[in-house]
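Asker: Heads up: the sequence shown begins at 108 in my numbering, then just goes up one per residue.
My questions will all concern the structure given below.
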Amino acid sequence: MKPFVQNAVRKLRTTRHPDVLKFMDVVESDSTIYIMTERVRPLSGIISQYSSKSAEEKEDWLLWGLQKISV
């Protein structure tokens, strides 16, 4: 299993997709591989920033976000 994960980590270093967290670094021990990604923010904090937007604009963003995580 470890060679499979190491190969996947090598691919993460060179692959960038806008809907995937950015890979930052990896730390390997004898039994564990830790993958560090960019910092994420809770969705509730992001949604509260859109409170000044129109209802239609908020709905568009929410639908786009749901579509991105459900595909």
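No residue lacks a Cβ here, since even glycine has one placed at the ideal position from N, Cα and C.
1. Going by CA-CA distance only, name the one from Leu119, Asp167, Gln113 that's closest to Thr139.
2. Which residue's Cα is closest to the Cα of Val133: Val116, Tyr157, Gln174?
3. Terminal residues of the continuous alpha helix (DSSP H) containing Glu166?
4. Anyone know if the C-beta pair for Phe130 and Leu119 falls short of 8 Å?
5. If you draw a straight line from the C-alpha of Glu163 to the C-alpha of Thr122, how long is it?
Answerer: Concretely, from the data shown:
1. Ranked by Cα distance from Thr139, the options Leu119, Asp167, Gln113 are led by Gln113.
2. Of the residues Val116, Tyr157, Gln174, the one whose Cα lies closest to the Cα of Val133 is Val116.
3. Segment 162–177, the alpha helix (DSSP H) holding Glu166.
4. Yes; because the gap between Cβ atoms is below 8 Å, this pair is in contact.
5. Rounded to the nearest whole angstrom, the CA to CA distance from Glu163 to Thr122 is 34 Å.
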